[in-house]
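Under my numbering, read the sequence shown as residues 5 to 280, first letter to last.
Ideal Cβ positions, reconstructed from N, Cα and C, are used throughout, including at glycine.
Notes follow once the structure below has been shown.
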Amino acid sequence: MNFFAGLLFFLTITAGSSRAQHAPQKQANAADQLGMTCAQILQMSSTAWIAHFHERASQTKDPNPGVENHGSEAVKPYAETADPQVTLRAIGTYGKCYDARTDRLAASLGKSGRGPLMGVRGNFRDFEAALKNFTAVAVSVAQPPDDPVKTAYAALYEKQFRYAFYQSYERNPVKQPPPPAQDATPTAAATAKTGPATTGQPASTARISDPMTLAKNRFGDFLAALPEDKRREVHIAFGQIFEKGSIADQWKQEVYRYAISVLESPKDKPFSPPPF
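Given below as structure tokens:
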């Protein structure tokens, strides 16, 4: 009897300790949502949310922007004081909300019997693993290398594919597959008609209008700028994304744009806007 009483006491203490340890984390997560629900946060674009998070941080002049501090002085706006730690917290909050929405969608599809079959889910996991491997390789060679903010952005925008995967099993999916690529080079007449490029883009993309061709060429520009050993490493990792089956083909343009965003440096003009 004493043994069972002691065991019950131990379990009670352990459970209480676990709740006490998780309480500060839950409070921090709630504070980082700035009093907003995930639904409200996801109504904003990721860039708008991060700017809003920085604005609140600057207003409170406090490392915890979810806590009001009316006595603090005004400081410089977000564009002038982009604290990397604040950016990382903002990205983390948006990512958690994005994941929660995807998880709910996956669970709903599973309950209704409309979700992907086990084999298809396995194919997607292979695709996702290859994408993560490419990201790790690309971040290590991008400028600046292994930058925590770039790594966080890459992890955030990688989430678009899991959501798109489950969203495609809804009755009325919002996202449609991209049009097939048309890898055609411009004719001499077309070149003469458009005249010299004034967009500031590399020569390989200056006179081409097809989005897929533009993306392939821009990705090629980044590969060409890398040392030979790094170029080969990135090229192999990228190729493995499409070697995992046809599942990546439906997001071919998005995969290229994602890869370009990982390889871009802060000094580069963004090739495309963020996916969300």
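Per the contact definition of three or more C-beta pairs closer than 8 Å, is the stretch 260-280 in contact with the stretch 219-231? yes
Mapping the DSSP letters down to three states, classify Cys169 as helix, strand or coil. Along the sequence shown, one-based indexing puts residue 169 at 165. Per the sequence presented here, residue 169 reads as Phe, with Cys not at that position. The answer is helix: DSSP assigns Phe169 an H, G or I state.
Taking only the alpha-carbon atoms, compute the straight-line gap between Ala134 and Phe242 and give it to the nearest angstrom. Taking the sequence shown and counting its residues from 1, the one referred to as residue 134 is at position 130. Taking the sequence shown and counting its residues from 1, the one referred to as residue 242 is at position 238. So the alpha carbons of these two residues sit roughly 8 Å apart.
Quick one: residues in its chain with C-beta nearer than 6 Å to the C-beta of Phe169, no 5 flanking neighbours on either side, listed in chain order? Sequence index remark: in the sequence shown, residue 169 carries index 165 (1-based). Answer for Phe169: Phe128, listed in chain order.
Please classify Ala111: is it buried, with 16 or more other beta-carbons within 10 angstroms of its beta-carbon, or exposed? Residue 111 sits at position 107 when you count from the first residue of the sequence shown. Exposed: under 16 other Cβ atoms inside 10 Å.
If you reduce the DSSP assignment to three classes, tell me which class Glu174 lands in. Here residue 174 corresponds to residue number 170 of the sequence shown, with the count starting at 1. In this structure, Glu174 counts as coil in the three-state DSSP scheme.
If you drop the 5 nearest sequence neighbours on each side, which residues of the same chain put their C-beta closer than 7 Å to that of Ala86? Translated into the one-based positions of the sequence shown, residue 86 becomes position 82. The answer, listed in chain order, is His58.
Compare the beta carbon distance of Thr91 and Asp36 with 7 Å and say whether it is the shorter of the two. Sequence index remark: in the sequence shown, residue 91 carries index 87 (1-based). Sequence index remark: in the sequence shown, residue 36 carries index 32 (1-based). No, Cβ-Cβ distance for Thr91 and Asp36 is not below 7 Å.
Have a look at Ala229 and Thr41 and give me their C-alpha separation to the nearest angstrom. Indexing the sequence shown from 1 puts residue 229 at position 225. Indexing the sequence shown from 1 puts residue 41 at position 37. Going from the Cα of Ala229 to the Cα of Thr41 covers about 43 Å.
With a threshold of 16 other CB atoms inside 10 Å of the CB of Thr51, please say whether the residue is buried or exposed. Position 47 of the sequence shown, counted from the first residue, corresponds to residue 51. Thr51 should be labelled exposed.
Where do the N-terminal and C-terminal ends of the alpha helix (DSSP H) with Ser112 fall, by residue? One-based indexing of the sequence shown puts residue 112 at position 108. Ser112 -> alpha helix (DSSP H) spans 88-116.
For Ser50, which of helix, strand or coil comes out of DSSP? Position 46 of the sequence shown, counting from 1, holds the residue named residue 50. Reduced to three states, the DSSP call for Ser50 is helix.
So, using beta-carbon positions, are Tyr161 and Pro279 closer together than 7 Å? Locating residue 161 in the sequence shown gives position 157, where the first residue counts as 1. Locating residue 279 in the sequence shown gives position 275, where the first residue counts as 1. Yes, the Cβ-Cβ distance between Tyr161 and Pro279 is below 7 Å.
Range covered by the alpha helix (DSSP H) that runs through Glu268: As a working mapping, residue 268 is identified with position 264 in the sequence shown. That residue, Glu268, is in no alpha helix (DSSP H); it is neither H nor E in DSSP.
Quick one: what's got a C-beta closer than 7 Å to Gln257's C-beta in the same chain, skipping five residues either side? As a first step, residue 257 is located in the sequence shown; it is residue number 253 there, counting from the start. Closer than 7 Å at the Cβ level, and outside the excluded window around Gln257, lie Pro182, Pro215, Met216, Ala219.
Any idea what DSSP makes of Met40, helix, strand or coil? Here residue 40 corresponds to residue number 36 of the sequence shown, with the count starting at 1. It is coil, neither helix nor strand.
N-terminal and C-terminal residue of the alpha helix (DSSP H) that Leu218 is part of: Translated into positions along the sequence shown, residue 218 becomes position 214. 215-229 is the extent of the alpha helix (DSSP H) around Leu218.
Please report the straight-line C-alpha distance between Lys163 and Lys271, rounded to a whole angstrom. In the sequence shown, residue 163 corresponds to position 159, counting from 1. In the sequence shown, residue 271 corresponds to position 267, counting from 1. Straight-line Cα distance between these residues: approximately 25 Å.
Based on Cα-Cα distance, which residue from Pro88, Lys154, Val124, Gln47 lies nearest to Ser250? Position 246 of the sequence shown holds residue 250. It is Val124.
Is Gly123 near the ligand SAH, with its Cβ less than 6 Å from a heavy atom? Of the ligands one can find in the structure shown there are none, so the ligand SAH has no counterpart to examine.
Can you have a look at Thr189 and say buried or exposed, based on whether 16 or more other CB atoms are within 10 angstroms of its CB? Here the question's residue 189 lines up with position 185 in the sequence shown. At Thr189, the pLDDT of 38 sits below 50, so the modelled position is not reliable; the number obtained from the coordinates is stated separately. Exposed.
Grouping DSSP H, G and I as helix and E and B as strand, with all else coil, what is Phe280? Here residue 280 refers to the residue found at position 276 when the sequence shown is read from its first residue. Note: Phe280 maps to coil in three-state DSSP.
Kindly give me the distance between the Cβ atoms of Phe165 and Ala263, rounded to whole angstroms, as I take these residues to be in contact under 8 Å. On the sequence shown, residue 165 is found 161 positions in, with the first residue counted as 1. On the sequence shown, residue 263 is found 259 positions in, with the first residue counted as 1. So it is not a contact: roughly 12 Å between Cβ atoms.
Measure the CB-CB distance between Leu38 and Cys101 and report whether it falls below 7 Å. What you label residue 38 is simply residue 34 of the sequence shown in a count that begins at 1. What you label residue 101 is simply residue 97 of the sequence shown in a count that begins at 1. It is not a contact, given that the beta carbons lie outside the stated cut-off.
Please state the DSSP three-state secondary structure of Gln147. On the sequence shown, position 143 is the one that residue 147 refers to. Looking at Gln147 - three-state DSSP - the assignment turns out to be coil, as it is neither helix nor strand.
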